[in-house]
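>
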């Protein structure tokens, strides 16, 4: 605060030194305060530094995300989240950005690496609905996921999920389920893309990883 109040010039290497000291002493709240009050100015370099340190100190990753969000560096946020396997959170940061085939492929690769059918369905459906041109003339790599997507759920599972969703829309009371669909998630399959579409969009002001 003294630095700010006196408009003092901070030597270039001083912010790095302060970050290192606070991390070594695990004073994450103090570091967060310095960033919030802009004693240490936001920068892409600082965000990258915090991401690196975040490997050993997870709380710093959120600080890095906050910096990138304030700077509007959503592309970088997406890269960071995908590198951590957080594909759903990454989709929430897409906003109205254009996604090319290479980027779409990265989302699909991370989704398939999760070995979770629901996540695979969610990511594939969202991408296909939001960026249909990518799938109109898919690359060989994307075509592979198109074929695998068709085998995720059988027709009977999808039909029952659709039936459950229709009942849920017209009733607020508990719905008796005739037969449970054995899925990794209880979210009805056909509605996942619409649910994600509601959540995806601009990054929430207080966005938190895993939120």
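In full-length UniProt numbering, the protein residues as written are 1 to 211. We put the beta carbon where it would ideally sit given N, CA and C, even for glycine. Quantities reported herein were computed from a predicted structural model and do not represent experimental measurements.
Can at least three beta-carbon pairs, one atom from the region 89-100 and one from the region 51-62, be found at a separation below 8 Å?
no
> With distances taken from CA atoms, which of 99, 161 and 158 is nearest residue 129?
Looking at the Cα atoms, 99 is the closest of the given residues.
> If you draw a straight line from the C-alpha of residue 32 to the C-alpha of residue 114, how long is it?
32 Å
> Please return the same chain residues whose Cβ sits closer than 7 Å to the Cβ of residue 102, not counting the five positions on each side in sequence.
none
> Looking at the unbroken alpha helix (DSSP H) that takes in residue 22, where does it start and where does it end?
14-24
> When the Cα of residue 157 is compared with those of 80, 146 and 117, which residue comes out closest?
Per the Cα distances, 117.
> Within 10 angstroms of its Cβ, does residue 151 collect 16 or more other Cβ (buried), or is it exposed?
exposed
> In whole angstroms, what separates the C-alpha of residue 66 from that of residue 27?
Rounded to whole angstroms, the separation of the alpha carbons of residue 27 and residue 66 is 17 Å.
> For residue 142, tell me which candidate among 47, 154 and 127 has the shortest Cα-Cα distance.
127
> Which residue marks the beginning of the alpha helix (DSSP H) containing residue 103, and which one marks its end?
101-113
> Could you give the distance in angstroms between the alpha-carbon of residue 111 and the alpha-carbon of residue 85?
8 Å
> Quick check on residue 154: does DSSP put it in helix, strand or coil?
coil
> Taking just the CA atoms, how far does residue 94 sit from residue 75?
8 Å
> Please find out if some non-hydrogen atom of the ligand ADP comes closer than 6 Å to the beta-carbon of residue 17.
Ligands displayed in this structure: none; no statement on the ligand ADP is therefore possible.
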